[in-house]
Amino acid sequence: MSLYPMLLHDIVTNYENLLNKRNNSKDQLNTTVHKLNKYISCLAMTFTIIQLLKNPYLLRCVHIH
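Residues 1 to 65 (UniProt numbering) are what the sequence shown spells out, left to right.
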């Protein structure tokens with residue numbers, strides 16, 4: 001599970017870089033934040049899938065309507 005702290009470090013570093021670039025245009029900033037948000041969403045989904053694979057019993061708790 002050492003992969004997750006490394007990815008989290010990358011996310012924090014990317015946000016710090018965004019904050020440091022004050023001269024970026026608003027469009028560039030919005031695009032970068034959007035990409036970062038998609039990256040975080042993928043990371044969360046991957047983590048959820050890994051947890052479900054490790055513990056299939058969790059699937060019984062999920063009700064699909």
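For glycine and all other residues, C-beta sits at the position ideal for the given N, C-alpha and C.
Keep in mind that this is a model prediction, so the values were computed, not measured.
**Report entry** Exposure label - MET1; buried when at least 16 CB within 10 Å
**Finding:** By one-based count along the sequence shown, residue 1 stands at place 1. Because the pLDDT of MET1 is 48, which lies under 50, any placement of that residue in the model is unreliable, and the number read from its coordinates should be weighed accordingly. Classification for MET1: exposed.
Query - Cβ shell of VAL33 (< 8 angstroms), same chain only, five flanking positions each side left out - result: Residue 33 sits at position 33 when you count from the first residue of the sequence shown. Here the set comprises LEU18.
Report task. State yes or no: is the C-beta of LEU11 within less than 9 angstroms of the C-beta of LEU52? Result -> By 1-based counting over the sequence shown, the position of residue 11 is 11. By 1-based counting over the sequence shown, the position of residue 52 is 52. Here the sequence assigns Ile to residue 11, which means Leu is not the residue at that position. In this structure, LEU52 does not lie closer than 9 angstroms to ILE11 by Cβ.
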